[in-house]
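Engineer: The structure under discussion is supplied below as structure tokens; questions concerning it will follow.
In the working numbering, the protein residues as written are 200 to 564.
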């Protein structure tokens, strides 16, 4: 194994546009008008004895984007395509089975690491490999609230006086039927909420007669709504709402690469450059310009295993330089040693030192 390095990036990330990252199973909030939206990613933070929940840019989101960007770097260099199984292994780490690992699997990790710097950096599920890239959340440095952004999908039939002149014969009658069905659906939803509230109150008061009456009303309403659905379609003027972290938020972010080779470090920074240059929008609603960030990082580079437990430094000492990451531009101000790491990866790739096939195929080679 060649010389290993520890690399730390410590800096600030600023949102240049709103950011909307909604993790799976996040909380759904119902507003007083009955509209709903799902919350963006949040973390609970204690500062000066005060508990606060803030929107964040999750480290898992950044990690996923960087990992896929590393795959894109490899594909760009190879000018080719890969099978789906190889994509899953490299882009998401494959799928870890329920069985226990054998000694053979453990011994194979070294071979896989030497051949596949993507798995060396980001880990894998089968064979199991730990990650050497630790990517933290980008956490706002000051209190910040999510912004609720609402709108409506425009209905040209209501807004454009010449709309029906652009369509073929009979379009107006179809539009009227759709509008009536969608209006009825809105009324059904409102009446359903009213009945549910009345039914809760009746059950609380143990009013048996009223409960039976309301349950009958619910069943009748459901039948009426089912009949109306036969005519209804997706509403054109459907209210659309989502939450986003506002633009202009400053966030602290830390990234650590632990005991990586020069080539592994080089691939990581090439992936970071690729992400900011080519796919800079993070999270949802990229079509609205969301998800643009700018980062400014102090870069610290030390040789792995060379730390002196008796040596202390002042905060911020020993930085190799300050690196800027900007959308479309990519990385700038990159320290010379990081540039050398990137060259090491490129040279290793050109020399055929790496193999990004499935780990099971490497074992047979």
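Positions of the beta carbon are idealized from the N, C-alpha and C atoms, including for glycine.
Are the beta-carbon atoms belonging to residue 257 and residue 240 less than 7 Å from one another?
Structural biologist: Cβ atoms of residue 257 and residue 240: closer than 7 Å.
Engineer: Could you spell out where the beta strand (DSSP E) holding residue 494 opens and where it closes?
Structural biologist: Here the beta strand (DSSP E) through residue 494 covers 492-502.
Engineer: Grab the span of the alpha helix (DSSP H) containing residue 212 for me, first residue to last.
Structural biologist: First-last for residue 212: 203-214, but that is the beta strand (DSSP E), not the alpha helix (DSSP H).
Engineer: What does the alpha-carbon distance come out to for the pair residue 422 and residue 223?
Structural biologist: Cα-Cα distance, rounded: 33 Å.
Engineer: Short of 8 Å in beta carbon distance, which residues of its chain neighbour residue 536, apart from the five on each side in sequence? Order them along the chain.
Structural biologist: Excluding sequence neighbours, residue 536 sits near 500, 519.
Engineer: Can you tell me which of the three DSSP states residue 480 falls into?
Structural biologist: In the structure shown, residue 480 sits in coil (DSSP, three-state: anything other than H, G, I, E or B).
Engineer: Taking DSSP's pairing of strands, which residues face residue 441 in a bridge?
Structural biologist: Residue 441 is bridged to 348.
Engineer: Using 10 angstroms around the beta-carbon of residue 288, count the other beta-carbons present and answer buried if the total reaches 16, otherwise exposed.
Structural biologist: Buried.
Engineer: Is it buried or exposed for residue 331, if we count other Cβ within 10 angstroms and need 16 for buried?
Structural biologist: Residue 331 comes out buried.
Engineer: For residue 268, does the count of other Cβ atoms within 10 angstroms reach 16, so buried, or fall short, so exposed?
Structural biologist: Buried, since its Cβ has 16 or more Cβ neighbours within 10 Å.
Engineer: According to DSSP, simplified to helix, strand and coil, what is residue 241?
Structural biologist: DSSP places residue 241 in strand when its eight states are reduced to three.
Engineer: Counting along the chain, where does the alpha helix (DSSP H) carrying residue 539 start and finish?
Structural biologist: Where residue 539 is concerned, the enclosing alpha helix (DSSP H) stretches over 535-549.
Engineer: Is DSSP giving residue 340 helix, strand or coil here?
Structural biologist: DSSP places residue 340 in coil when its eight states are reduced to three.
Engineer: Just to confirm, are residue 344 and residue 255 a CB contact at a threshold of 7 Å?
Structural biologist: Cβ atoms of residue 344 and residue 255: not closer than 7 Å.
Engineer: I need the straight-line Cα distance from residue 411 to residue 365, nearest angstrom please.
Structural biologist: Computed Cα separation, rounded: 52 Å.
Engineer: Would you call residue 482 buried or exposed, if buried means 16 or more other Cβ atoms sit within 10 Å of its Cβ?
Structural biologist: Classification of residue 482: buried, given that the 10 Å Cβ count is 16 or more.
Engineer: Hey, quick one: how far does the alpha helix (DSSP H) through residue 229 stretch, first residue to last?
Structural biologist: Careful: residue 229 lies outside any alpha helix (DSSP H), inside the beta strand (DSSP E) at 227-229.
Engineer: Determine the direct distance from the alpha carbon of residue 202 to that of residue 558, and round the result to whole angstroms.
Structural biologist: Distance between the alpha carbons of residue 558 and residue 202: 24 Å.
Engineer: Could you tell me the alpha carbon to alpha carbon distance between residue 580 and residue 265, rounded to whole angstroms?
Structural biologist: Lying outside 200 to 564, the shown extent of the chain, residue 580 is not represented and no answer is given.
Engineer: Using the rule of at least 16 other Cβ atoms within 10 Å of the residue's Cβ for burial, across every protein chain shown, is residue 316 buried or exposed?
Structural biologist: Buried, because 16 or more other Cβ atoms sit within 10 Å of the Cβ of residue 316.
Engineer: So the candidates are 347, 480, 417; which of them puts its Cα closest to the Cα of residue 440?
Structural biologist: Ranking 347, 480, 417 by Cα distance to residue 440 puts 347 first.
Engineer: Using alpha carbons as the reference points, say which of 486, 340, 457, 493 lies closest to residue 472.
Structural biologist: Considering only alpha carbons, the answer is 493.
Engineer: Counting only runs that start and end within the segment 239-292, where is the beta strand (DSSP E) found for 3 or more residues in a row?
Structural biologist: DSSP runs (the beta strand (DSSP E)) wholly in the segment 239-292: 241-246, 249-254.
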